[in-house]
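Sequential numbering of the sequence shown, starting at 3, is according to the numbering used here. Ideal Cβ placement from N, Cα and C applies to all residues, glycine included. Following: one structure in structure tokens, then a few remarks.
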Amino acid sequence: MRLSKAFIPTQKEMPADATIPSHQLMLRAGLMRQLTAGVYAYLPLGYRAMLKAMQILREEMNAIGGQEFFLPALNPEALWIQTGRRNVPNFILSIKERDLVLAPTHEEVIAWIGGMHIQSYKDLPQIWYQIQTKFRNEPRPRSGVLRGRQFIMKDSYSLDRSFEDLDKSYEDHAEAYRKIFARCGLKFFEVKASSGAMGGSGSQEFMVESESGEDTVALCEKCHYAANMEIASSNVSPIGRLHDGERVEEIHTPNVRTIDQLAAFLKVDQSRLAKSLVYRHDGKPLLILMVGNDRLNESKLVAALGGGELEPIEAGQLEALTGADGGSIGPVGLKGFRIIADKRLEGANNLISGANRNDYHLANIDLQRDVAVDGYFDLRTIEDGEPCPQCGSRIKISHAIELGHIFKLGTKYAEALNVSYLDENGEKKPVVMGSYGIGVERIIACHIEQSRDEHGIIWDKALAPYAVHIVAVSMNNKDIVLISNQLYNKFSDEGVEVLFDDRPNVSPGFKFKDADLLGMPFQIIVGEKGLKNHQVEVKRRKTGDRRLVPVGDVVKDVKKMLHE
Ligand code: ATP
Ligand code: MG
């Protein structure tokens, strides 16, 4: 492609509305433009990189026996009502007048097809995939294409006879994912993950460590424990029991609102304070007890409750339900609430909590004696530096971007949509499903996050929109024009994707800056000085190394380096 004819609108200035490096560079290098929040138009250069990623995805999915589909983005709302996912928060965009929804993922449609056509154990296993647009009602997309309201996903689904067979399909996917990300030149790691809105029994995420990430992960450098913060646990010590047999005592705590104020007022360690958090779970009042300043982890809470809808209790109703406002609620004598507690509090005594009377607390609470706790669960968000649950070393908490996610779904969708088969004995069984996703834009944006410098993008050859970028230093010099045209034609003839900066009246400095910003793996600089010795300069974008190469050897040399 000749730059004089290409549509690659680069921009020198830093875009004001983009805060993370990949977003800034994708705008500056003319890869995409934002149409509206979370909705992006890919321009030719950006789309070329996406096509490269999609080709890698296709090849590796085909290699594990995947068969490619193309499913509709518009789905009847009824299908989503059948699986209970119509109202998953932030999931579904809908077109009200026609009872249609824009699909955020495709388990429903896959199960609909499976339900029509899978009959016997001989029809299984299957791996079905597609590369297609997804829509999600993401609340505040602000990380560029990393979180779009419309984005492209490679999504695949396995259909198996049993959970053992599912394990194999799941492992095949995990292996395919490792190959995909390695081929894309990404440095990634794997973490245990929460199954969220998908449901199911096991799940794993493929992550890229990045300050720009919206996910947080807990990592142990010693034993390689790695988990998403949504499920990460630590070996933090339980609160335990102190002196037995002390009677519950009411204490006056005027104007004390927070855990820190209470600890200071009573001169006790915050770990003796049992904080009460109140919610409605599927409409019913729920009280959660946590240790002092421990933070509640909502993903763990939802998992502990087995799903369902959580909402805060409206301030107006709090006093009617408990007898006190937010600062003085506690578990002792509380009627009408289900009470659960964090594992650290299991069996603890000598605790202080609200008295359900404004400005009063109770001391010496013994959870075994005084409270009907309906289950202890790991509900807390772990903190940096806490002991690893596997080996006890310090856990490090980092930001990360989720590239891909694999789930063991089990039979949830098969049951909701009647996907079953007859086994060898003629017995009817539900099909066991798995679901596996990779975001195409995330591959591109993660690569740019990892591979860039102050001048621009540094494309890996696997994803680079073009392998080679020829810079004709001046278009007013006959030799330069002749040789750069020859090289351009030769690269094209030999199947090397090449961009040729043949713009007249653009200064060399400007062309060099653009070449670094666009970031193709090799730059070939055709200038007057080199040509005197019949040489051109070959610059490797990644290292910045430059070499003078005889004109006749350039194509061969660069091709060799591209195949290394
Ligand atoms: P996140 O936690 O980041 O919202 P998710 O758990 O909702 O992701 P999945 O439903 O597992 O994601 O989707 C599979 C893959 O699709 C993700 O691993 C990610 O690469 C990509 N993806 C998900 N949501 C978006 C989005 N809003 N924009 C771009 N890519 C996305
Ligand atoms: Mg999501």
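- Query: What's the C-alpha gap between I446 and K54?
  - Reply: Your numbering for residue 446 matches position 444 in the sequence shown. Your numbering for residue 54 matches position 52 in the sequence shown. Rounded to whole angstroms, I446 to K54 spans 10 Å at the Cα level.
- Message: Within 10 Å of its beta-carbon, does N77 have 16 or more other beta-carbons around it, so buried, or fewer, so exposed?
- Response: Along the sequence shown, one-based indexing puts residue 77 at 75. Classification of N77: buried, given that the 10 Å Cβ count is 16 or more.
- Task: Tell me, to the nearest whole angstrom, how far the beta carbon of Q134 is from that of A75; I am working on the premise that it is less than 8 Å.
- Result: Within the sequence shown, numbered from 1, the residue matching residue 134 stands at position 132. Within the sequence shown, numbered from 1, the residue matching residue 75 stands at position 73. The pair is a contact, with the Cβ atoms about 7 Å apart (cut-off 8 Å).
- Cβ contact check for the stretch 84-94 and the stretch 392-409: 3 or more pairs under 8 Å: no
- Message: Please classify L188 as buried or exposed, where buried requires at least 16 other C-beta atoms within 10 Å of its C-beta.
- Response: Residue mapping note: residue 188 aligns to position 186 of the sequence shown, counting from 1. L188 should be labelled buried.
- Query: For N602, is the classification buried or exposed, using 16 other Cβ atoms within 10 angstroms of its Cβ as the cut-off for buried?
  - Reply: This structure does not reach residue 602, given that the chain is present from 3 up to 566, and the question cannot be answered.
- Could you give the residue range of the alpha helix (DSSP H) that holds A229? Taking the sequence shown and counting its residues from 1, the one referred to as residue 229 is at position 227. Where A229 is concerned, there is no enclosing alpha helix (DSSP H), although the beta strand (DSSP E) it sits in stretches over 228-230.
- Message: Quick check on DSSP: helix, strand or coil for N479?
- Response: As a working mapping, residue 479 is identified with position 477 in the sequence shown. Here N479 sits in coil by DSSP.
- Message: Taking only three categories from DSSP, how would you classify T260?
- Response: Residue 260 sits at position 258 when you count from the first residue of the sequence shown. The answer is coil: DSSP assigns T260 none of H, G, I, E or B.
- Query: What does a CB cutoff of less than 7 Å around H449 pick up in its chain, not counting 5 residues either side in sequence?
  - Reply: The count along the sequence shown starts at 1 and reaches residue 449 at position 447. For H449, where only same-chain residues beyond five positions count, the Cβ hits under 7 Å are C186, G187, L188, D462, L465.
- Message: Give me the residue from Q525, V433, F409, K414 with the minimum Cα distance to F208.
- Response: Stepping through the sequence shown from its first residue, residue 208 is reached at position 206. The candidate whose alpha carbon is nearest that of F208 is F409.
- Message: If I follow the unbroken beta strand (DSSP E) through P106, where does it start and stop?
- Response: To locate residue 106, count along the sequence shown from 1; it is residue 104. Here P106 belongs to no beta strand (DSSP E), and DSSP marks it neither H nor E.
- Message: Let me check one thing: in DSSP terms, what residues is E404 bridge-paired to?
- Response: Numbered from its first residue, the sequence shown carries residue 404 at position 402. BP columns for E404 point to M209.
- Message: Does Q69 pass the burial test, meaning 16 or more other C-beta atoms within 10 Å, or should it be called exposed?
- Response: Counted from its first residue, the sequence shown places residue 69 at position 67. That one is exposed.
- Would you call the CB atoms of A51 and L33 closer than 8 Å? Along the sequence shown, one-based indexing puts residue 51 at 49. Along the sequence shown, one-based indexing puts residue 33 at 31. Yes, Cβ-Cβ distance for A51 and L33 is below 8 Å.
- Task: Flag L168 as yes if its beta-carbon sits less than 8 Å from any beta-carbon of chain D, otherwise no.
- Result: The structure shown contains no chain D; it holds only a single protein chain.
- Message: Using a Cβ-based criterion (distance less than 7 Å to any ligand heavy atom), does S148 qualify as near the ligand ATP?
- Response: Numbered from 1 along the sequence shown, position 146 holds the residue referred to as residue 148. According to the sequence provided, residue 148 is Leu. The question's Ser does not apply to it. Indeed, a heavy atom of the ligand ATP lies less than 7 Å from the Cβ.
- Message: My output table needs one value for K224: the three-state DSSP class, helix, strand or coil.
- Response: Here the question's residue 224 lines up with position 222 in the sequence shown. In the structure shown, K224 sits in coil (DSSP, three-state: anything other than H, G, I, E or B).
- Between H565, L279, L148, A317, which lies nearest to N299 when the distance is taken from Cα to Cα? For the purposes of this step, residue 299 is taken as the residue at position 297 of the sequence shown. For the residues H565, L279, L148, A317, the minimum Cα distance to N299 belongs to L279.
- Message: Check this for me: beta carbons of V250 and V334, under 8 Å apart or not?
- Response: Start at 1 with the first residue of the sequence shown, and residue 250 comes out as number 248. Start at 1 with the first residue of the sequence shown, and residue 334 comes out as number 332. Contact: yes.
- Nearest candidate by alpha-carbon position, reference F137, set V111, G117, T107: Along the sequence shown, read from residue 1 onward, the residue named residue 137 stands at position 135. The option with the nearest alpha carbon to F137 is T107.
- Whose C-alpha, out of V210, S196, P127, Q132, is nearest the C-alpha of S171? Mapped onto the sequence shown, residue 171 falls at position 169. Considering only alpha carbons, the answer is P127.
- Selection from H254, G146, A105, M231 that minimises the alpha carbon distance to D157: For the purposes of this step, residue 157 is taken as residue 155 along the sequence shown, with counting starting at 1. Ranking the options by Cα distance to D157, first place goes to A105.
- Pick out the complete beta strand (DSSP E) segments inside the stretch 303-363, 3 residues or longer, and give them in chain order. 312-314, 340-344, 353-356
- Message: Looking at M155: is its Cβ nearer than 8 Å to the Cβ of T383?
- Response: As a working mapping, residue 155 is identified with position 153 in the sequence shown. As a working mapping, residue 383 is identified with position 381 in the sequence shown. No, they are not a contact pair.
- Task: Identify the continuous alpha helix (DSSP H) that holds I182 and give its terminal residues.
- Result: Within the sequence shown, residue 182 is the residue found at index 180, counting from 1. I182 -> alpha helix (DSSP H) spans 165-185.
- Query: Buried or exposed: which applies to T545, given that a residue is buried once 16 or more other Cβ atoms fall within 10 Å of its Cβ?
  - Reply: Locating residue 545 in the sequence shown gives position 543, where the first residue counts as 1. With fewer than 16 Cβ atoms within 10 Å of its Cβ, T545 is classed as exposed.
- Message: The beta strand (DSSP E) that contains F137, what's its start and end?
- Response: Looking up residue 137 in the sequence shown gives position 135. Here the beta strand (DSSP E) through F137 covers 128-137.
- Please find out if some non-hydrogen atom of the ligand ATP comes closer than 7 Å to the beta-carbon of T107. Walking along the sequence shown from the start, residue 107 turns up at place 105. It does: the Cβ of T107 is within 7 Å (strictly closer) of some heavy atom of the ligand ATP.
- Query: Who pairs with F524 in a beta bridge, going by DSSP?
  - Reply: Translated into positions along the sequence shown, residue 524 becomes position 522. Paired residue(s): V470, R542.
- Can you check whether the CB of L519 is closer than 8 Å to the CB of H471? Locating residue 471 in the sequence shown gives position 469, counting from the first residue. Locating residue 519 in the sequence shown gives position 517, counting from the first residue. Cβ atoms of H471 and L519: not closer than 8 Å.
- Task: For C390, count neighbouring C-beta atoms within 10 Å of its own C-beta (all shown protein chains included) and say buried if the count is 16 or more, exposed if not.
- Result: On the sequence shown, position 388 is the one that residue 390 refers to. It is buried - the Cβ of C390 has at least 16 other Cβ atoms within 10 Å.
- Query: Between E451 and the ligand ATP, is the CB less than 7 Å from at least one heavy atom?
  - Reply: Mapped onto the sequence shown, residue 451 falls at position 449. No, Cβ of E451 sits at least 7 Å from all heavy atoms of the ligand ATP.
- Query: Does the beta-carbon distance from N352 to R274 come in below 8 Å?
  - Reply: Along the sequence shown, one-based indexing puts residue 352 at 350. Along the sequence shown, one-based indexing puts residue 274 at 272. In this structure, R274 lies closer than 8 Å to N352 by Cβ.
- Task: Report the residue from R243, K558, Q525, G215 whose alpha carbon sits nearest the alpha carbon of R548.
- Result: By 1-based counting over the sequence shown, the position of residue 548 is 546. It is Q525 whose Cα lies nearest to the Cα of R548.
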